[in-house]
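**Q** Basically UniProt numbering = 1-based index in the sequence shown + 73. The beta carbon of each residue, even a glycine, is placed where N, CA and C say it ideally should be. Please read through the structure below; I'll follow up with questions.
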Amino acid sequence: RRRARKPIRVYMDGCFDLTHFGHANALRQAKACGDVLVVGLVPDAEIRRCKGPPVLNDAERLAVVESCKWVDEMILDVPYDINEQFMNELWHKHKIDYIVHGDDPCLLPDGSDAYAAPKREGRFKTIKRTEGVSTTDIVGRMLSASKAAENDLAKTPGSKSPFKKSKKSAVVEDVAEPAKKEHFCTTSRRVLQFSDGGKKPSDEDVVVYVHGAFDTFHAGHVDLLKSARALGTFVIVGVHDDAAVSSYAGAHYPILNVNERSLGVMACRHADEVIIGAPEVVTRDLLATFNVAFVVAEDSAARSPNAPAPAPPADPNAVPRALGIFREIKRGDGPGADITTKEIVSRIVENRAAF
Ligand code: CTP
Numbered sequence: 074r075r076r077a078r079k080p081i082r083v084y085m086d087g088c089f090d091l092t093h094f095g096h097a098n099a100l101r102q103a104k105a106c107g108d109v110l111v112v113g114l115v116p117d118a119e120i121r122r123c124k125g126p127p128v129l130n131d132a133e134r135l136a137v138v139e140s141c142k143w144v145d146e147m148i149l150d151v152p153y154d155i156n157e158q159f160m161n162e163l164w165h166k167h168k169i170d171y172i173v174h175g176d177d178p179c180l181l182p183d184g185s186d187a188y189a190a191p192k193r194e195g196r197f198k199t200i201k202r203t204e205g206v207s208t209t210d211i212v213g214r215m216l217s218a219s220k221a222a223e224n225d226l227a228k229t230p231g232s233k234s235p236f237k238k239s240k241k242s243a244v245v246e247d248v249a250e251p252a253k254k255e256h257f258c259t260t261s262r263r264v265l266q267f268s269d270g271g272k273k274p275s276d277e278d279v280v281v282y283v284h285g286a287f288d289t290f291h292a293g294h295v296d297l298l299k300s301a302r303a304l305g306t307f308v309i310v311g312v313h314d315d316a317a318v319s320s321y322a323g324a325h326y327p328i329l330n331v332n333e334r335s336l337g338v339m340a341c342r343h344a345d346e347v348i349i350g351a352p353e354v355v356t357r358d359l360l361a362t363f364n365v366a367f368v369v370a371e372d373s374a375a376r377s378p379n380a381p382a383p384a385p386p387a388d389p390n391a392v393p394r395a396l397g398i399f400r401e402i403k404r405g406d407g408p409g410a411d412i413t414t415k416e417i418v419s420r421i422v423e424n425r426a427a428f
C-alpha cells in the first residue's frame, strides 16, 4: 500500500488592497501549486512603510481574502519582504514548502528584490499576473467616475456634491482619462476556473437568492453572503447587470463591469452559484427556475442617500415580499462589514494625493 503523500504547503503574501479578482486569480493559481494555501496579509503599518497608505484597512482586507475559496490558512502581521528570519519561520514554524508570487517585480523602497532570500534557496515559484486589473487601475476608475459625477453636478444648478471636498480638489482636474470599463477580457475558461467547474443544488438544499451590484467586492458583501448562507444551504448570487446598477447607483457606476463583478463574487466561498447579469426585479419566473426558498437583500437604509429613487416598480423585491419569503438583512457588525463601494470612492477622492 502506498503511503499518503505529505500535503504541499504553499505561501503567498500580499497587501490585497481593494481586493479584486486579479488577487483572487493569483490565490487560485497559488493553491494549484500545492495542496494547502497559506496567505500572509501585510498589515497597514507595514504597507505604509513600504509603499504608502492602503485604501482598505487590515480588517477590511482580511475579510475578503479570508473569504476567498482557495485560501486555507492565514498569517497576519507578516513583513512586506521575506527576510531571512521570517523565511525560516515559514519553513519551520508554518511548514511551508514554496513561496509563490505573481511574475511582476516586487521591489523594496531601496530597490532590492523582496523575494531574494527564497529565490536563493530555490523555493520560490511564480504565477502569471492577471492583466487588465490592479489596485491602481481601480483607483483610477473610481477617480474618473467621481470626476464625471462632479462634472454632471456642476451642470445642475443648486446640486450638492456627494463627496466631501478635499483640500486637493484641484488635482481631480488632472484625471482626464475616461473610465475604462472594458479593460479586462472575461473568458469562458476564466469563468470555469473561478466557479470550480460549477455546483448544482440537490433536492434537499434550501436555496437562498441574494442579489445586488457587488461592485468592487468588499467586506460588506462578504458579510451579506454569510447572512444569506445562514438562512439556507445553497446560495445563488444575482449580480445585477450594468444598466440596473447605473439606474440606482448613478450614471458613473458600476466601477467594475458585470463580468468583473461576477468573478469577484465567484471567488467567494459563500457563493455557490452566480447569475451573471441578473435583473434588478425578482420575478416569479426566477424564483421558480432556481427553486428559491428565501430572497435576501440589504436593507434599504444602506442605500446611498444620494441614490435616485428606484425606478418603477419601486420595490424590486415586491414579489418575494408578497410571498413571505423576503428577508431584509442589516449591515452586520463584523469587522469592516459597514464598508460600501461609495465609501471606498469617497476615501480615494478625499486622499487622492496619497494613492
Ligand atoms: N496579483 C496578480 N494580478 C494582479 C494583481 C496582483 O497576480 N492583477 C498578485 C501579485 O503578484 C501578488 C498577489 O497578487 O502575488 C498579491 O498582490 P499585492 O501584494 O496586493 O500586490 P500588487 O502587485 O501591488 O497588486 P496591485 O497591483 O493590484 O496593487
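#1: Taking contact to mean 3 or more Cβ pairs, one atom from each stretch, closer than 8 Å, check whether the region 307 to 323 and the region 345 to 360 are in contact.
#2: Between which two residues does the alpha helix (DSSP H) containing Asp315 stretch?
#3: Under the DSSP definition of a beta bridge, which residues are partnered with Met85?
#4: Val279: which of Arg302, Thr259, Arg263, Phe290 sits nearest, CA to CA?
#5: Which residues in the same chain have their Cβ closer than 6 Å to the Cβ of Leu265, if we skip the five residues on either side of it in sequence?
#6: Measuring CA to CA, which of Trp164, Val137, Val112 is closest to Ala410?
#7: So, is Ala395 buried or exposed, given that buried needs 16 or more other C-beta atoms within 10 angstroms?
#8: For Glu333, which option in His96, Lys168, Asp90, Met85 has the closest C-alpha, if you only look at C-alpha atoms?
#9: Leaving out the 5 sequence neighbours to the left and right, which residues in its chain are closer than 7 Å to Glu246 when beta-carbon positions are compared?
#10: Answer yes or no: the CB of His96 versus the heavy atoms of the ligand CTP, is any distance below 8 Å?
#11: Can you confirm whether the region 138 to 155 touches the region 84 to 102 when touching is taken to mean that 3 or more C-beta pairs between the two stretches lie within less than 8 Å?
#12: In chain order, what residues of the same chain lie with their CB nearer than 7 Å to the CB of Phe257, ignoring the 5 residues before and after it?
#13: Helix, strand or coil, according to DSSP, for Glu139 in the structure here?
#14: Quick check on the DSSP output: what are the complete beta strand (DSSP E) runs of length 3 or more inside the UniProt domain "Cytidyltransferase-like" (283 to 373), in order along the chain?
#15: Would you report the Cα separation of Asp314 and Lys124, rounded to the nearest angstrom?
#16: Using a threshold of 8 Å, is the CB atom of Cys88 nearer than that to any non-hydrogen atom of the ligand CTP?
#17: Would you say the region 198 to 217 touches the region 319 to 336, given that touching needs at least three Cβ pairs under 8 Å?
#18: Answer yes or no: the CB of Asp177 versus the heavy atoms of the ligand CTP, is any distance below 8 Å?
#19: Near Gly195, which residues of its chain fall below 8 Å by C-beta distance, leaving aside the five closest residues on each side in sequence?
#20: Can you find the residues in the same chain that come closer than 8 Å, C-beta to C-beta, to Asp177, ignoring five residues on each side of it along the sequence?
#21: Kindly indicate the opening and closing residues of the alpha helix (DSSP H) around Leu163.
#22: Check for me: the alpha helix (DSSP H) holding Phe399 runs from which residue to which?
#23: I'd like to confirm something about Glu223: is its beta-carbon nearer than 8 Å to some heavy atom of the ligand CTP, or not?
#24: What three-state label does DSSP hand Glu255 in the structure shown?
#25: Looking only at its own chain, which residues have a Cβ that is under 7 Å from the Cβ of Leu304, when we skip the five neighbours before and after it?
#26: Kindly indicate which three-state DSSP category Asp186 falls into: helix, strand or coil?
#27: With a threshold of 8 Å, establish whether the CB of Leu336 neighbours any heavy atom of the ligand CTP.
#28: Which residues does DSSP pair with Glu146 in a beta bridge?
**A** Looking at the atomic coordinates:
#1: Result yes; three or more Cβ-Cβ pairs closer than 8 Å.
#2: Under the DSSP assignment, Asp315 falls in the alpha helix (DSSP H) whose first and last residues are 315 to 322.
#3: For Met85, which the question treats as bridged, DSSP gives the partners Val112, Val173.
#4: From the listed residues Arg302, Thr259, Arg263, Phe290, the smallest Cα separation to Val279 is found for Arg302.
#5: There are no such residues.
#6: Minimum Cα-Cα distance from Ala410 among the listed residues Trp164, Val137, Val112 corresponds to Val137.
#7: That one is exposed.
#8: Of His96, Lys168, Asp90, Met85, the residue nearest in Cα terms is His96.
#9: Unreliable positioning characterises Glu246 in this predicted model, as indicated by a pLDDT of 41, which lies under 50. The coordinate reading is nonetheless provided below. So no residue of the chain qualifies.
#10: Taking 8 Å as the cut-off, the C-beta of His96 counts as close to a heavy atom of the ligand CTP.
#11: Judged by Cβ distances under 8 Å, the region 84 to 102 makes contact with the region 138 to 155, as three or more pairs qualify.
#12: Within the same chain, Phe257 has close Cβ partners Gly205, Val206, Glu333.
#13: Here Glu139 sits in helix by DSSP.
#14: Here the runs fully enclosed are 307 to 313, 346 to 351, 365 to 371.
#15: Between the alpha carbons of Asp314 and Lys124 lies a distance of about 35 Å.
#16: Under cutoff, so the answer is yes.
#17: Counting C-beta pairs closer than 8 Å gives three or more between the region 198 to 217 and the region 319 to 336, which meets the contact rule.
#18: True, at least one ligand heavy atom lies under 8 Å from that Cβ.
#19: Answer for Gly195: no residue qualifies.
#20: Counting only Cβ-Cβ distances below 8 Å, and skipping sequence neighbours, we find Arg202.
#21: First-last of the alpha helix (DSSP H) with Leu163: 157 to 165.
#22: Run containing Phe399: none in the alpha helix (DSSP H); it sits in the beta strand (DSSP E), 399 to 402.
#23: Not so, every heavy atom of the ligand CTP lies at least 8 Å from the Cβ.
#24: Unreliable positioning characterises Glu255 in this predicted model, as indicated by a pLDDT of 49, which lies under 50. The coordinate reading is nonetheless provided below. In the structure shown, Glu255 sits in coil (DSSP, three-state: anything other than H, G, I, E or B).
#25: Taken in chain order, the residues that qualify are Val281, Phe367, Val369, Arg400.
#26: Reduced to three states, the DSSP call for Asp186 is strand.
#27: Because no heavy atom of the ligand CTP lies under 8 Å away, the Cβ of Leu336 does not count as near it: no.
#28: Val111.
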